[in-house]
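If you read the sequences in order, they're chains U and H.
According to my numbering, the first sequence is numbered sequentially starting from -3.
According to my numbering, the second sequence is numbered sequentially starting from 75.
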Amino acid sequence: MTLAGSSTEAIEKTAPRTANPGGARRRRRRFFEFKSDIPASWSLTLGILVWVLFFGFWEFAVWQNWANDILLPGPGKVLSALHTLFTEKAFLYDVGVSVTRILLSFALACLVAVPLGILMGSFRTVEAFFNPLVSAWRYLPAPAFIPLLLMWLGAGDAQKLALLFLGVVWFLTTLIMDHTKSVPADFVRTAVTLGGNRLQVLRTVVVPAALPGILVAMRQMLAVSWTYLVIAEIIAADVGIGAMMMRAKRFLHVDQIMAGIVVIGALGLLFDFLLKKFHGIAFAYLEENVR
Amino acid sequence: MASHVKLSVNGVGKSFGHGAHRVEALRDVSFNVVQNEICVLLGPSGCGKSTLLNIVAGLQDPTAGSVVLDGKEIDGPARERGMVFQSYTSFPWLTVEQNVEYGMKLNGVPKAERQERASHFIDLVHLAKFRKTYPKNLSGGMKQRVAIARTLANRPEILLMDEPFGALDAETRWHMQEMLVEIMKSSQTTIMLVTHDIPEAIFLADKIVFLSSHPGRLKAILDLEFKKGKDIRDKEELITLDGYPECERHILAMMRAEARPQDVT
Ligand SMILES: Nc1ncnc2c1ncn2[C@@H]1O[C@H](COP(=O)(O)OP(=O)(O)O)[C@@H](O)[C@H]1O
Ligand SMILES: [Mg+2]
Chain U
-3 MTLAGSSTEA IEKTAPRTAN PGGARRRRRR FFEFKSDIPA SWSLTLGILV WVLFFGFWEF
57 AVWQNWANDI LLPGPGKVLS ALHTLFTEKA FLYDVGVSVT RILLSFALAC LVAVPLGILM
117 GSFRTVEAFF NPLVSAWRYL PAPAFIPLLL MWLGAGDAQK LALLFLGVVW FLTTLIMDHT
177 KSVPADFVRT AVTLGGNRLQ VLRTVVVPAA LPGILVAMRQ MLAVSWTYLV IAEIIAADVG
237 IGAMMMRAKR FLHVDQIMAG IVVIGALGLL FDFLLKKFHG IAFAYLEENV R
Chain H
75 MASHVKLSVN GVGKSFGHGA HRVEALRDVS FNVVQNEICV LLGPSGCGKS TLLNIVAGLQ
135 DPTAGSVVLD GKEIDGPARE RGMVFQSYTS FPWLTVEQNV EYGMKLNGVP KAERQERASH
195 FIDLVHLAKF RKTYPKNLSG GMKQRVAIAR TLANRPEILL MDEPFGALDA ETRWHMQEML
255 VEIMKSSQTT IMLVTHDIPE AIFLADKIVF LSSHPGRLKA ILDLEFKKGK DIRDKEELIT
315 LDGYPECERH ILAMMRAEAR PQDVT
């Protein structure tokens, strides 16, 4: 007891003067701290550092000649390939075609998944009817249908849209169903004891309550959409980002292939960012201090 | 004032499940709720209070008996029996004002009247300054006040409340209880409220319906004679009243008798 007492006293007497003169005593910030926030300057520095290291390692590998110059071009070469693609090879058209495929197929998937998921999440009967089908399809990898789709729809856009649709729609339906199910039961019970009928409750409670979750589900599945796009375009396509990359492969233009990867990554990030921003604006009421 | 029976619960019984899994939650419960009174359902946890209130709301069907409101047997949920829950149910995508107008909108109340009634009840629950605020920025007690105003503005015949202050801290609870008494004085409403908090029951109730557990049966109806004719506005007035300690002791004894050894552990 006495020991503990005197040691705290000692700390209180000496620490403020030596460690932090004039201010309150503060514990030193540790670099590894469970679940605690870090200053914005730290996250910025660390975020830049990882890319610096990445490009540094890449340049180092090229400089050390770890691989043949053709197989492993440096970052600078990839950048100039990107420039050439856009200025001389009409790459913007390929990008436009790919983005259109994504948006069109995703819109189709949403057209089916949003109403279906909401109804399945709202009514057990609808769930009991559709869920066996939806679950079964969900576990079938969409690329398994490529041979069939090629035979039925040819190598054109219809086949690609179908693949992207099949790759996304079942998971999207399930996610939307789950978000709808997690709408608090007391919200619905409140509305019916206020006199709401089924359609009113669906329209004015279930849908608005599930909407933020539905948008999150869309964001997640849009990212998956890109995977199927690349598969579709690599297998059979004349235009599109994937098609350009396969063309480049034939002529050993590794820099162009890498440029394609960069563009896909950048577009994915951009879409994700836009949807995230939209979420913040559309559902501003979920943030504190919004009036 | 003539004591007009507003609601009557007639021999209500409720069982869940079948065969070996059958749970009898309520057995032959009968009592009346008089117009403009606060009827409090009290009893140990799990005795079937929520089940009974849900049956009155029309959210669950009784397996025996019936509930009659204003001479009509109830069938399913309806505007006449508005309910406030323990969980926060103010819709986060609507402002306080829009929340309070919500029920009236469902029922096609014209806009001008809707706004007028909403603003009256928002004042009544002391949220005038928060008209345009979203629930995310409200405290738990404020969210419950939104829910109460929303239900009252919808002009139910009876207001049903299932442990409405159960999730609030002790201090906020008192304020809410005193506010509810204040509201009752200014607007004529019949209330059926569920709680397992004994002082809350005594403070709010004109009549306490005490249920025993497993299955829930009517054990006693307490009329709280010692409160009659007194204008009690806060808790201090209540607990200094002659008859209060006696009443609380009586209810505590009933509670204790109901708490069987297997429930305690
Ligand atoms: N949906 C249900 N299915 C099966 N048993 C239930 C259901 N709802 C309530 N019960 C049972 O009925 C009894 C009364 O529950 P409840 O009305 O919630 O009690 P209280 O509100 O008084 O705490 C409890 O034993 C509970 O387990
Ligand atoms: Mg309960």
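Where a beta carbon is used, it is the ideal one built from N, C-alpha and C, also for glycine.
Extent of the continuous beta strand (DSSP E) run through residue i
{"i": "GLY156 (chain H)", "result": "155 to 158"}
{"i": "GLY66 (chain U)", "result": "A small fix is needed here, since residue 66 (chain U) is Ile in this sequence, not Gly. Premise fails: ILE66 (chain U) is in no beta strand (DSSP E) and is neither H nor E."}
{"i": "SER287 (chain H)", "result": "From DSSP, SER287 (chain H) is part of no beta strand (DSSP E); its letter is neither H nor E."}
{"i": "ALA138 (chain H)", "result": "138 to 143"}
{"i": "LYS80 (chain H)", "result": "79 to 90"}
{"i": "ASP236 (chain H)", "result": "232 to 236"}
{"i": "ILE230 (chain U)", "result": "Taken as a continuous stretch (DSSP letters only), ILE230 (chain U) belongs to no beta strand (DSSP E), being part of the alpha helix (DSSP H) at 203 to 231."}
Closer than 8 Å at the beta carbon, the chain H residues around residue i
{"i": "PRO204 (chain U)", "result": "PHE165 and TRP167"}
{"i": "THR121 (chain U)", "result": "Under the 8 Å cutoff, chain H gives no residues; its nearest Cβ is about 18 Å from THR121 (chain U)."}
{"i": "GLN252 (chain U)", "result": "Here the premise fails: no neighbours, minimum Cβ distance about 48 Å."}
{"i": "ARG199 (chain U)", "result": "Ordered by position in chain H, no residue passes the 8 Å Cβ test against ARG199 (chain U), which lies about 10 Å from the chain."}
{"i": "ASP182 (chain U)", "result": "PHE159, SER161 and THR163"}
When the options are compared against residue i, the one with the closest alpha-carbon
{"i": "VAL203 (chain U)", "options": "H:PRO166, H:GLY122, H:ILE257 and H:ASN128", "result": "H:PRO166"}
{"i": "LEU133 (chain H)", "options": "U:PHE53, U:ARG120, U:ALA187 and U:ALA124", "result": "U:ALA187"}
{"i": "ARG323 (chain H)", "options": "H:ILE272, H:MET178, H:SER286 and H:PHE300", "result": "H:ILE272"}
{"i": "LYS293 (chain H)", "options": "H:ILE282, H:THR263, H:LYS203 and H:ARG96", "result": "H:ILE282"}
{"i": "LEU271 (chain U)", "options": "U:ALA213, U:ILE230, U:PHE247 and U:ILE231", "result": "U:ALA213"}
{"i": "VAL107 (chain H)", "options": "H:GLU171, H:LYS80, H:CYS121 and H:PHE239", "result": "H:LYS80"}
{"i": "VAL226 (chain U)", "options": "U:ALA280, U:PHE51 and U:ASP90", "result": "U:ASP90"}
{"i": "LEU129 (chain U)", "options": "U:LEU144, U:SER118, U:ILE142 and U:GLY113", "result": "U:GLY113"}
{"i": "SER286 (chain H)", "options": "H:ARG155, H:GLY177, H:CYS121 and H:GLY139", "result": "H:CYS121"}
{"i": "GLU231 (chain H)", "options": "H:PRO289, H:ILE257 and H:MET157", "result": "H:MET157"}
{"i": "MET253 (chain H)", "options": "H:ASP236, H:MET266 and H:GLN218", "result": "H:GLN218"}
{"i": "ARG246 (chain U)", "options": "U:ARG185, U:LEU67, U:GLY52 and U:PHE269", "result": "U:LEU67"}
{"i": "ILE222 (chain H)", "options": "H:GLY303, H:THR207 and H:SER161", "result": "H:SER161"}
{"i": "ALA262 (chain U)", "options": "U:TRP222, U:TRP38 and U:VAL108", "result": "U:TRP222"}
{"i": "LEU100 (chain U)", "options": "U:LYS156, U:ARG243, U:ALA206 and U:SER32", "result": "U:LYS156"}
{"i": "SER175 (chain H)", "options": "H:LYS206, H:PHE159 and H:GLU98", "result": "One detail in the question is off: residue 175 (chain H) reads as Glu in this sequence, not Ser. Taking only the C-alpha atoms, the option nearest GLU175 (chain H) is H:LYS206."}
{"i": "LYS177 (chain U)", "options": "U:GLU123, U:GLY43, U:ARG24 and U:SER131", "result": "U:GLU123"}
{"i": "LEU168 (chain H)", "options": "H:ALA138, H:LEU198, H:PRO209 and H:GLU154", "result": "H:PRO209"}
{"i": "ASP102 (chain H)", "options": "H:VAL255, H:GLY150, H:ILE148 and H:PRO136", "result": "H:PRO136"}
Residues that residue i contacts on chain H, provided the C-beta gap is smaller than 7 Å
{"i": "LEU282 (chain U)", "result": "PRO166 and LYS210"}
{"i": "GLN196 (chain U)", "result": "LEU180"}
Delimiting residues of the alpha helix (DSSP H) encompassing residue i
{"i": "THR41 (chain U)", "result": "36 to 59"}
{"i": "ARG247 (chain H)", "result": "244 to 260"}
{"i": "ARG243 (chain U)", "result": "237 to 246"}
Residues that residue i contacts on chain H, provided the C-beta gap is smaller than 9 Å
{"i": "ASN285 (chain U)", "result": "LYS210 and ASN211"}
{"i": "ARG185 (chain U)", "result": "ASN128, ALA131, LEU133, PRO151, MET157, PHE159 and THR163"}
{"i": "GLN216 (chain U)", "result": "Per Cβ cutoff of 9 Å: no residues; GLN216 (chain U) is ~22 Å from chain H at best."}
{"i": "GLN155 (chain U)", "result": "Neighbours of GLN155 (chain U) on chain H: none; closest Cβ ~40 Å, over 9 Å."}
Residue i versus residue j - alpha carbon distance
{"i": "VAL48 (chain U)", "j": "TRP59 (chain U)", "result": "16 Å"}
{"i": "ASN173 (chain H)", "j": "GLY150 (chain U)", "result": "54 Å"}
{"i": "LEU160 (chain U)", "j": "PRO143 (chain U)", "result": "14 Å"}
{"i": "ASN181 (chain H)", "j": "SER261 (chain H)", "result": "21 Å"}
{"i": "GLU84 (chain U)", "j": "ILE253 (chain U)", "result": "16 Å"}
{"i": "ARG291 (chain H)", "j": "ARG96 (chain H)", "result": "17 Å"}
{"i": "VAL220 (chain H)", "j": "LEU282 (chain U)", "result": "17 Å"}
{"i": "ALA327 (chain H)", "j": "ASP297 (chain H)", "result": "17 Å"}
{"i": "LYS302 (chain H)", "j": "MET258 (chain H)", "result": "15 Å"}
{"i": "SER3 (chain U)", "j": "ALA36 (chain U)", "result": "Because SER3 (chain U) sits at a pLDDT of 44, beneath the cut-off of 50, its placement in the model cannot be relied upon, and the point is left open."}
{"i": "GLY192 (chain U)", "j": "GLY177 (chain H)", "result": "8 Å"}
{"i": "ALA103 (chain U)", "j": "PHE239 (chain H)", "result": "45 Å"}
{"i": "ALA140 (chain U)", "j": "ILE257 (chain U)", "result": "24 Å"}
{"i": "THR339 (chain H)", "j": "GLU332 (chain H)", "result": "Summary for THR339 (chain H): the model assigns pLDDT 44, below 50, so the residue's position carries little reliability; its value from the coordinates is reported in the next sentence. Whole-angstrom Cα-Cα distance: 14 Å."}
{"i": "PHE274 (chain U)", "j": "GLN189 (chain H)", "result": "31 Å"}
{"i": "SER77 (chain H)", "j": "ASN211 (chain H)", "result": "42 Å"}
{"i": "CYS106 (chain U)", "j": "THR269 (chain H)", "result": "45 Å"}
{"i": "SER119 (chain H)", "j": "ALA241 (chain H)", "result": "15 Å"}
Interface partners of residue i on chain U, CB under 7 Å
{"i": "PHE195 (chain H)", "result": "Here the premise fails: no neighbours, minimum Cβ distance about 13 Å."}
{"i": "GLY177 (chain H)", "result": "LEU190 and GLY191"}
{"i": "ASN181 (chain H)", "result": "GLY191"}
Residues that residue i contacts on chain U, provided the C-beta gap is smaller than 9 Å
{"i": "ALA225 (chain H)", "result": "According to the sequence as given, residue 225 (chain H) is Thr; it is not Ala. Those are THR186, THR189 and LEU190, listed as they occur along chain U."}
Listed by chain order, chain U residues near residue i by CB distance under 8 Å
{"i": "ASN228 (chain H)", "result": "LEU190 and GLY191"}
(message) Three Cβ pairs or more, each shorter than 8 Å: is that satisfied between the stretch 189 to 208 of chain U and the stretch 137 to 145 of chain H?
(response) no
(request) Flag this pair as touching only if the stretch 181 to 198 of chain H and the stretch 77 to 96 of chain H have three or more C-beta atom pairs under 8 Å; answer yes or no. (result) In the pairwise beta carbon analysis, the stretch 181 to 198 of chain H is classified as not touching the stretch 77 to 96 of chain H: fewer than three pairs are separated by under 8 Å.
(message) I'd like to know if the stretch 232 to 241 of chain U and the stretch 63 to 76 of chain U are in contact, where contact means that at least 3 CB-CB pairs between them fall below 8 Å.
(response) no
(message) For the stretch 107 to 121 of chain H against the stretch 307 to 319 of chain H, do three or more pairs of beta-carbon atoms, one drawn from each stretch, fall closer than 8 Å, so that the two count as touching?
(response) no
(message) For the structure I just gave you, are there three or more beta carbon pairs, one from the stretch 133 to 144 of chain U and one from the stretch 68 to 80 of chain U, closer than 8 Å?
(response) no
(request) Inspect the CB distances between the stretch 214 to 224 of chain U and the stretch 160 to 171 of chain U and report whether three or more fall short of 8 Å. (result) yes
(message) Taking contact to mean 3 or more Cβ pairs, one atom from each stretch, closer than 8 Å, check whether the stretch 187 to 197 of chain H and the stretch 222 to 232 of chain H are in contact.
(response) yes
(request) Report yes or no: do the stretch 170 to 177 of chain U and the stretch 111 to 126 of chain U share at least 3 C-beta pairs separated by less than 8 Å? (result) yes
(message) When you compare the stretch 123 to 133 of chain H with the stretch 232 to 242 of chain H, are there three or more beta-carbon pairs, one atom per stretch, that lie closer than 8 Å?
(response) yes
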